[in-house]
Every structure is written in structure tokens, then in C-alpha cells.
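Here the structure comes first, spelled out in C-alpha cells, and everything after it is commentary.
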Amino acid sequence: MTPELEALVAAGLLGFTHIILASHAMSLQRGYRWAASARDEPTPPATGMAGRLERANRNFTETFVFFAAGIFVVYAANAGNTVTAWAAWTYVAARAAYLIAYAGGVFLVRSLIWNVATLAVLALLLAPLARQWWSA
1 MTPELEALVA AGLLGFTHII LASHAMSLQR GYRWAASARD EPTPPATGMA GRLERANRNF
61 TETFVFFAAG IFVVYAANAG NTVTAWAAWT YVAARAAYLI AYAGGVFLVR SLIWNVATLA
121 VLALLLAPLA RQWWSA
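Numbered by the working numbering, the letters in the sequence shown go through residues 1 to 136 in order.
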């Protein structure tokens, strides 16, 4: 398995970690009776740690699709190299740090971490194109 695919597996596991943390925090805030209910009635937005974990989960889900696309493009184009391996693992590390920073309510640094992860995804998406441009 390539380093990029290994990072994709790690990112998938990180995604499950987001879901588990957010759902347990929400259950603690609203009670397990609510968690077991059909949730037919609208509820106010979560607050505190539960709200931050829910938003971090949503943000991870929004970026993960682009990360996965980048991994698959690198793999399909056989464009994997040291840069793409570093970019893939940088995304995973930055997203893990983002989860911790968001849960902790860390101001500004959280946004900087998001930028690192986003640049890593851009590097993955552009790597096959750059390889094509430079070899032409």
C-alpha cells in the first residue's frame, strides 16, 4: 500500500473519531434518552464542547472528500512521490491537531491549522498536473 493510501485509511479512522466524540458529547449534553429517541422535534444548536465537536466533525467531512479525491488522483495517475506522501500525512496530522484545537476552543491557531490541511490537499490535487506540465 502506498503512503498516500495509508494516510487515507488514517484519515478515515480520524473521521470515525470525530463522529464518536461529537455524538458522545451531544449525548452528554442532551441526555441519552434524547440520543435514543427518533429526534423528530427540532432542537437548539449544541453549545460548548458538544457544539465545537459537532462543528469540527462537519468541517472534517467537508474537507475529507477533497482529500480523498486528491489521493485517488495521485494513485490513478501513478504520481506518488515524496511530496505527495508528505502532503497526505500532513493533512492527517493537521486535521488531528484541528480537532484538538477546535475542541479546546483555541482561537486563531485553529484557523492556521485548517490552512495547513488545505494546502496539503491542494498539493495532492495539483501534483499529477505539475508532473504532467513539467514532463512536457
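For every residue, glycine included, the Cβ atom is placed at its ideal position computed from N, Cα and C.
If you're wondering where the values come from, they're calculated on a predicted model, not measured in any experiment.
Counting C-beta atoms within 10 angstroms of its own C-beta, ILE19 has fewer than 16 neighbours from the protein chains shown and is therefore classed as exposed. If you draw a straight line from the Cα of GLU41 to the Cα of THR84, it is about 46 Å long. Between the stretch 20-38 and the stretch 67-84, the count of C-beta pairs closer than 8 Å stays below three; the two stretches do not touch.
Pairing GLU4 with TYR32, the inter-Cα distance amounts to about 38 Å. With respect to the C-alpha of ALA77, the residue from ARG131, ALA120, GLN29 having the closest C-alpha is ARG131. Relative to THR118, the option among SER37, PHE64, ARG30 whose CA is nearest is PHE64.
Fewer than three Cβ pairs drawn from the stretch 35-53 and the stretch 107-114 lie within less than 8 Å of each other, which leaves the two stretches out of contact. Separation of PRO44 and LEU124 (C-alpha to C-alpha, rounded to the nearest whole angstrom) is 38 Å.
Inclusion of VAL121 and TYR91 in the CB contact set at 8 Å is warranted, their separation being smaller than that value.
By the Cβ-count criterion, ALA36 is exposed, with fewer than 16 other Cβ atoms from all chains shown falling within 10 Å of its own Cβ.
If the five residues before and after ALA79 are omitted, its C-beta is found closer than 7 Å to the C-beta atoms of ALA127, PRO128, ARG131, all from its own chain and listed in chain order.
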